[in-house]
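Notes for the one structure printed next.
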Amino acid sequence: MIRSVALLVAALLGLSACSVATPPGSGSGTVSSGTPGTSSTQGMPQADIPEGLSAAFLAYRYPVDGADWALGWRTYELPIEKRFLRFLGACVVDAGYRALGRAVREAKNVGVPSEGWLFPDLDVLRQRGFEWDDADPALSVIGSVSDMSGVSAEEQDSSLDILRGDLERWPQFGIPATIDAARGLNDDVTACEVKAGDASYGRLEDADLGFARQWLFAVQRMETDDAEVSAAAGDALVCARQIDPLFADASSLVEWLAMLDGESINLDYGGASTEEVDAKRRAWGQAYGVCVGPLVEVRRRKRLVLREQIVNEQLPQLLEIQARLDAALDEPA
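Counting from 39, one number per residue, gives the positions in the sequence shown under our numbering.
Pasting the structure below:
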């Protein structure tokens with residue numbers, strides 16, 4: 039079940055492999071989210087906000103760039119995500135994993151999922167490139183849990199071995215680093231995730247994601263159907279290929295980002311230190327930010343025009359959805 043706009047992007051556009059990177063050796067993590075600033079939009083066209091709608095809501099439903107993406111996620115996704123972790127942690131404690139459950143409930147390192155293709159955050163790229171945030175041990179263990187429904191025995195074994203590796207890496211949770219223990223934990227946490235999701239996302243899911251779906255499809259179509267955007271994307275790709283010979287054969291920015299993650303994993307398994315991998319990802323990301331800067335400007339100008347048209351046509355429905363989203367945030371945890 040798709041529970042958020044962030045997950046909707048990955049599901050609709052197939053970006054999960056390249057846009058939300060996971061540090062090698064951990065079950066979860068995000069590309070460094072930094073602190074979104076304002077420099078990436080200075081000098082660019084600014085949005086007119088219709089009366090009754092908030093800037094955060096527009097950014098959440100109709101992001102035009104990475105700064106919008108981060109603002110919307112922090113306003114609407116992050117509070118619900120923290121609520122979800124509190125419910126999940128309590129359930130995990132009740133299932134008998136006290137240390138892990140408490141750590142999940144109190145987790146602080148919940149970063150903004152990066153969307154490196156359609157909504158790159160230029161400020162973050164200039165500051166830290168694609169450097170990974172430090173993984174929270176509890177969230178890494180939870181992130182290695184997966185729903186085994188319909189999964190082949192071979193894939194199940196592979197997933198459980200990853201989870202077992204996390205238990206070995208973080209012994210402070212007191213869970214034996216065995217396949218049997220990993221299987222039991224996986225089953226218990228999967229059940230807890232369903233309960234926690236129902237308890238924390240209910241009314242947020244009631245707010246129709248159809249508008250977000252329409253926007254993401256429209257934004258994606260613009261990449262190929264709008265000549266100016268398509269040309270800017272082509273220029274960005276030519277630039278990105280020259281960042282490192284490793285990326286010379288990338289056929290698109292999506293493939294370039296996937297290759298970057300693949301090369302990061304190769305470095306890790308090749309014996310490079312965390313510092314060395316981070317240095318590479320920082321340099322690659324900073325160069326990528328330079329390459330896509332002109333593309334971001336063109337996209338923003340075009341997307342603002344499209345967003346204004348859509349919002350004017352659907353303002354009554356959007357006001358209603360905003361009210362439901364705000365009410366979901368106001369629900370007691």
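For every residue, glycine included, the Cβ atom is placed at its ideal position computed from N, Cα and C. In this text, all values refer to a predicted model and were calculated from it rather than measured experimentally.
Quick check: the Cα distance between Gly331 and Leu163, rounded to an integer number of angstroms?
10 Å
Trp170 by DSSP, collapsed to three states: which one?
strand
Which of the three DSSP states, helix, strand or coil, is assigned to Val102?
In the three-state reduction of the DSSP assignment, Val102 falls in the coil class, being assigned neither a helical nor a strand state.
Pairwise C-alpha distance: Val343 and Val232:
39 Å
Can you give me the start and stop residues for the alpha helix (DSSP H) that Asp282 sits inside?
Per DSSP, Asp282 belongs to no alpha helix (DSSP H) and is neither H nor E.
With distances taken from CA atoms, which of Trp111, Ser178, Leu156 and Ala133 is nearest Leu254?
Leu156
Going by the CB atoms, is the gap between Ala220 and Leu205 shorter than 8 Å?
Yes, the Cβ-Cβ distance between Leu205 and Ala220 is below 8 Å.
Rounded C-alpha distance that separates Ala97 from Val334:
15 Å
Below 6 Å CB to CB, which residues in the same chain sit around Ser78 once its five sequence neighbours on both sides are set aside?
Per-residue confidence for Ser78 stands at a pLDDT of 49, beneath the threshold of 50, marking its modelled position as unreliable; the derived number appears in the next sentence. Answer for Ser78: Ala105, Leu160 and Asp161, listed in chain order.
Contact belief for Asp103 with Arg345 at Cβ below 8 Å, rounded distance in angstroms
The beta carbons of Asp103 and Arg345 sit about 11 Å from each other, so the pair does not count as a contact at 8 Å.
Let me know the secondary structure DSSP gives Lys318 once reduced to three states.
helix
Confirm, please, whether the CB-CB distance from Gln210 to Ala137 is below 8 Å.
yes
Please confirm if the region 165-174 is in contact with the region 313-329, defined as three or more CB-CB distances below 8 Å between the two stretches.
yes
Taking the alpha-carbon of Cys129 as reference, which of Gly188, Gly90, Ala237 and Trp111 has the nearest alpha-carbon?
Ala237
Keeping to the same chain, check which residues put their C-beta closer than 6 Å to that of Phe125; ignore five residues upstream and five downstream.
Ala234, Ala237 and Ser238
Using the Cβ count rule (16 or more neighbours within 10 Å means buried), how would you classify Arg259?
exposed
Leaving out five residues before and five after Phe95 in sequence, what residues of the same chain have Cβ atoms less than 6 Å from its Cβ?
Its chain contains Gln360 as the residues whose beta carbon lies nearer than 6 Å to that of Phe95, once the 5 sequence neighbours on both sides are disregarded; these appear in chain order.
Would you say the region 349-368 touches the region 288-305, given that touching needs at least three Cβ pairs under 8 Å?
Counting Cβ pairs under 8 Å, fewer than three are found: no touch.
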